[in-house]
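A.B. asks:
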Amino acid sequence: MTEAELYAGNPHVGLPITDDDAAIAAMLEDVSIPTLVLSMVHMTGDPSWIRGPIRPLGLFLNEIQGYLPEEQKAEVRARALEAIAAFRDGGCVLPPPPDVELLKEMMAWLVCEPVPDEYVPMVLEEMELDGGDPRAVVTTSAPEARAALPVVVVGAGESGVLAGIRLKQAGIPFTIVEKDAGIGGTWYENTYPGCRVDVGNHFYCYSFEPSDHWTEYFAQQPEIQRYFEDVATKHGIVEHVRFSTEVLRATWDESAGVWHVLVRTPDGSEETLDARAVITAVGQLNRPHVPDIPGIDTFEGPMFHSARWDHSVDHTGKRVVVIGAGASGFQIVPTIAPDVEHLTVFQRTAQWMFPNPNYHEKVPPGMTWAIRHLPFYGRWYRFLLFWPGTDGSLASARIDPDWPHQDRSVNERNDLARQMFTDWITQQVGDDPELLAKVIPDYPATGKRTLQDNGSWLAALKRDNVELVREGIDHIDETGVVTASGQHHDADIIVLATGFTMTKVLFPMEFVGRGGVTLNEFWADRPSAYLGITVPGFPNLFMMYGPSTHLNHGGSLIFHSECQMRYIGGCLDLLAGSGKTAMEPRPELYEAYHRKHQDEIRQLVWSSPLIKHTHFRNAEGEIHTVSPFRLVDYWNWTRHVEPGDFVLS
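According to the working numbering, the stretch in the sequence shown is residues 121 to 769, in order.
1) Apply the 10 Å Cβ neighbour rule to G509 and answer buried if 16 or more other Cβ atoms are within range, or exposed otherwise.
2) Between P154 and L222, is the Cβ-Cβ spacing less than 8 Å?
3) With W379 as the anchor, note down where its beta strand (DSSP E) starts and where it stops.
4) Go through the stretch 609–658 residue by residue and report every complete run of the alpha helix (DSSP H) that reaches 4 residues or more, in order.
5) Judging by CA-CA distance, which residue of G699, K438, A447 and Q467 is the nearest neighbour of I456?
6) Hey, quick one: how far does the beta strand (DSSP E) through F503 stretch, first residue to last?
7) Is V258 buried or exposed, if buried means 16 or more other CB atoms sit within 10 Å of its CB?
8) In terms of DSSP beta bridges, what is K482 paired with?
9) Can you check DSSP and say which residues form a bridge with P167?
10) Whole beta strand (DSSP E) runs in the stretch 241–300 with 3 or more residues, listed along the chain?
11) From the beta carbon of T618, is the nearest beta carbon of chain D less than 8 Å away?
12) Quick check: the Cα distance between T311 and L405, rounded to an integer number of angstroms?
13) Label G280 either buried or exposed according to how many other C-beta atoms from any shown protein chain fall within 10 Å of its C-beta, with 16 as the threshold for buried.
14) What number of angstroms, rounded off, separates the C-alpha of E704 from the C-alpha of T758?
15) Would you say the stretch 465–480 touches the stretch 638–654, given that touching needs at least three Cβ pairs under 8 Å?
16) In the DSSP assignment, what are the bridge partners of Q572?
17) Under 8 Å, with one C-beta from each stretch per pair, do the stretch 236–256 and the stretch 184–196 reach the 3-pair mark?
18) Hey, which unbroken runs of the alpha helix (DSSP H) at 4 residues or more fall wholly within the stretch 688–728?
19) Is the Cβ-Cβ distance between S375 and H480 less than 8 Å?
20) Return the chain-ordered list of same chain residues with a C-beta closer than 6 Å to the C-beta of R655, the five sequence neighbours on each side being excluded.
21) Between the stretch 673–686 and the stretch 501–515, are three or more C-beta pairs nearer than 8 Å?
22) Write down the C-beta distance between A470 and I560 rounded to the nearest angstrom, noting that I regard them as a contact closer than 8 Å.
23) So, under 8 Å CB-CB, V367 and A395 are touching, yes? Tell me the CB distance rounded to an integer number of Å.
24) Could you check what DSSP says for M664 in three-state terms: helix, strand or coil?
25) What first and last residue would you give for the alpha helix (DSSP H) that runs through W523?
26) Is the Cβ-Cβ distance between E73 and F363 less than 8 Å?
27) If R750 sits next to I743, beta carbons under 8 Å apart, how far is it from one beta carbon to the other, in whole angstroms?
28) Helix, strand or coil for W429? Go by DSSP, reduced to three states.
29) Confirm, please, whether the CB-CB distance from T464 to H609 is below 8 Å.
30) Give the straight-line distance between the Cα atoms of G636 and V530, rounded to the nearest whole angstrom.
31) Give the single residue among V725, T734, H670 and A198 whose Cα lies nearest to the Cα of S770.
32) Under 6 Å Cβ to Cβ from H409, same chain only, skipping five residues before and after it: list those, please.
33) So what does DSSP say about E221, is it helix, strand or coil?
34) Under 7 Å Cβ to Cβ from Y337, same chain only, skipping five residues before and after it: list those, please.
35) For D597, list the residues DSSP reports as bridge partners.
36) Helix, strand or coil: how does DSSP classify V157 here?
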């Protein structure tokens, strides 16, 4: 096989290079130098690129230059320019690909530590260096059996689009029911000022549909929504979506072996869709939480939730109150502060912030050029973003019962993170002890969602027209907000940046399983599912982003979704090939998984008694939504379906 045949059809080898030397040199000024080096190993077949004196000096999330000194960066660029020019002039012919041992050496060089053997298969699958799509559903059942297995997918966000793509590839008929008028889910609904992703975009995209045209490292909402819309269009998913249609209730029909899915159509009428299986892809941060504040209905000005931003309301020159300063408020406040007359921010709990200088940065032309043209550059850059958030932070999240400083942290590494975050905040606040006292959290670092920060949050709070209030709200009246001490804060507009009903999984839909038992009755405020996907007593019901799968320690929800949909596809293939009508997990496996989840989550920072307010906890203070498991474990658990794990009837 020739080199051309070896790489035929592989999208990651890059487009042909036709630029002259000066243009290439200009592009190399923008690239990640460590990533460039690994592309050169592919381009030249020469491993000396990673065996010389130039090596990354450290690894930190979103730091893409390996802390290399400028003179070494210049040396790499000069050497790479020669190699790229020779590659161009030779017809862009690649040598044979690196073997696994060399790939492992390349991984270790890039991330400044050996990648354990148990992670290597997961990383290689994630990078897809062979140009394949290893997470596509593998089918063994007869095509006609799969064609007789219609599926209803609830939701056309990130996971719903993915479900549609995989079902179409597997030859399983499906209908996606979407309550909104467009594709994107949370990225369709959340259009508030400053809305952007907090996972690097070159990783926050499907592994099989990487994007080489992001305009920012952490893209804003319109660009992300457009990405999912474009992918859905490319794969022919849009025509399978019923927009502006909401699922109200789904009832399992034991005798027929189908789900009767009751929906409300765009004209307000009701209709029933029948499906052999249902996949929920609605997310956990889906239904806005509106706080029960006395007098909230008496305010006479515009008031809306951040996820339902009213763009007909002009906030310019107005007195605006923002209630809540978690992830959404953290983005809204710096964005609107320069435009309003006065901004009052009510924050119940201070947030830990993670320094990220690239948070608002544009992707420079050279970076995009490298992803498009340099062999496998985009794949290694994706790995560079992925690895620092892959399980390593779980060690600092584990509660050490012998750690003497439980009043501030849960272990030694967690204490070091607290100090780093504190220093980051302190150096920005400067000589303002009153503000500093308000913005330093009183709970362990990473115990709630840690926010990406480039300095814009505290810069906004230091503005003369911005006031941060940490006092509790007593009530709302016609003209503003009144605190517990009786102080009145005038408002023309009130924004509720108060999060979502995360613990009410699948709310407000109702699922009626075997024997007329509803899912909410079965769960009794303790939502759980085997692998976060299936529940006994509810045959052929599969969940994406279900209980116990919210990631708080790394990875991305897209990574988890791809794992889940491969598993769900395997379940559907098993069902189709079995000749049976129903499948559900064995109750003992469900119970064991729930116990394992609870045993593990109680040992991690999110369960620290110092954390008083978090949307992770139910009324009893238990956490059932967050994943406490390593990514590599979840990846392994969901790679294949074990038929013995299910009851088929």
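All C-beta atoms, glycine included, are put in the ideal place defined by N, C-alpha and C.
C.D. replies: So, from the listed chains and residues:
1) Here the question's residue 509 lines up with position 389 in the sequence shown. By the 10 Å Cβ count, G509 comes out buried.
2) As a first step, residue 154 is located in the sequence shown; it is residue number 34 there, counting from the start. As a first step, residue 222 is located in the sequence shown; it is residue number 102 there, counting from the start. No, they are not a contact pair.
3) Start at 1 with the first residue of the sequence shown, and residue 379 comes out as number 259. Run containing W379: V378 to R384, per the beta strand (DSSP E) assignment.
4) Unbroken alpha helix (DSSP H) stretches of 4 residues or longer found wholly inside the stretch 609–658: 639–643, given in chain order.
5) In the sequence shown, the residue the question calls residue 456 occupies position 336. The shortest CA-to-CA distance from I456 to any of G699, K438, A447 and Q467 is the one to K438.
6) Residue mapping note: residue 503 aligns to position 383 of the sequence shown, counting from 1. For F503, no beta strand (DSSP E) encloses it; the enclosing alpha helix (DSSP H) starts and ends at Y497 to F506.
7) The residue you call residue 258 lines up with position 138 of the sequence shown. It counts as exposed.
8) Indexing the sequence shown from 1 puts residue 482 at position 362. DSSP output for K482 lists E336 as bridge partner(s).
9) Residue 167 sits at position 47 when you count from the first residue of the sequence shown. Residue pairing for P167: DSSP places it in no beta bridge.
10) Within the stretch 241–300, the complete beta strand (DSSP E) segments at least 3 residues long are 271–274 and 294–297, listed from N- to C-terminus.
11) The structure shown contains no chain D; it holds only a single protein chain.
12) Position 191 of the sequence shown, counted from the start, is the residue given in the question as residue 311. Position 285 of the sequence shown, counted from the start, is the residue given in the question as residue 405. Near 14 Å, if we compare the C-alpha coordinates of L405 and T311.
13) Sequence index remark: in the sequence shown, residue 280 carries index 160 (1-based). Counting the other Cβ atoms within 10 Å of the Cβ of G280 gives 16 or more, which makes it buried.
14) As a first step, residue 704 must be located in the sequence shown, where it is residue number 584. As a first step, residue 758 must be located in the sequence shown, where it is residue number 638. Cα atoms of E704 and T758: separation of roughly 16 Å, rounded to the nearest angstrom.
15) Counting Cβ pairs under 8 Å, fewer than three are found: no touch.
16) Translated into positions along the sequence shown, residue 572 becomes position 452. When DSSP reads this structure, Q572 sits in a beta bridge with F474.
17) Verdict: no, contact absent.
18) The stretch 688–728 contains these whole alpha helix (DSSP H) runs: 707–721.
19) On the sequence shown, position 255 is the one that residue 375 refers to. On the sequence shown, position 360 is the one that residue 480 refers to. Their beta carbons are not under 8 Å apart, which means S375 does not touch H480 by this criterion.
20) Numbered from its first residue, the sequence shown carries residue 655 at position 535. The sequence as given places Val at residue 655; Arg does not occur at that position. Cβ within range, chain order: A649.
21) At 8 Å Cβ cutoff, the stretches touch.
22) Looking up residue 470 in the sequence shown gives position 350. Looking up residue 560 in the sequence shown gives position 440. Between A470 and I560 a beta carbon distance of about 6 Å is seen, short of the 8 Å cut, so the two are scored as contacting.
23) By one-based count along the sequence shown, residue 367 stands at place 247. By one-based count along the sequence shown, residue 395 stands at place 275. Not really, about 11 Å apart at Cβ, beyond 8 Å.
24) Here residue 664 refers to the residue found at position 544 when the sequence shown is read from its first residue. If DSSP states are grouped into helix, strand and coil, M664 belongs with coil.
25) Sequence index remark: in the sequence shown, residue 523 carries index 403 (1-based). Bounds of any alpha helix (DSSP H) do not take in W523, whose DSSP letter is neither H nor E.
26) This structure cannot speak to residue 73, because the chain is shown only from 121 to 769.
27) Counting from one through the sequence shown, the residue named residue 750 turns up at place 630. Counting from one through the sequence shown, the residue named residue 743 turns up at place 623. The C-beta distance from R750 to I743 rounds to 17 Å, too long to fall under 8 Å, and the pair is not in contact.
28) Stepping through the sequence shown from its first residue, residue 429 is reached at position 309. In the structure shown, W429 adopts coil according to DSSP, grouped into three states.
29) The residue you call residue 609 lines up with position 489 of the sequence shown. The residue you call residue 464 lines up with position 344 of the sequence shown. In this structure, the beta-carbon distance from H609 to T464 falls below 8 Å.
30) Indexing the sequence shown from 1 puts residue 636 at position 516. Indexing the sequence shown from 1 puts residue 530 at position 410. Cα-Cα distance, rounded: 44 Å.
31) Outside the displayed span of the chain (121 to 769) sits residue 770, for which this structure offers no information.
32) If you number the sequence shown from 1, residue 409 lands on position 289. T618, G619, F620 and T621.
33) Stepping through the sequence shown from its first residue, residue 221 is reached at position 101. Residue state, collapsed to three classes: helix.
34) On the sequence shown, residue 337 is found 217 positions in, with the first residue counted as 1. Only G320, N321, N478, E481 and V483 meet the Cβ criterion.
35) The count along the sequence shown starts at 1 and reaches residue 597 at position 477. Partner(s): G600.
36) Counting from one through the sequence shown, the residue named residue 157 turns up at place 37. DSSP places V157 in the helix class (H, G or I) of the three-state scheme.
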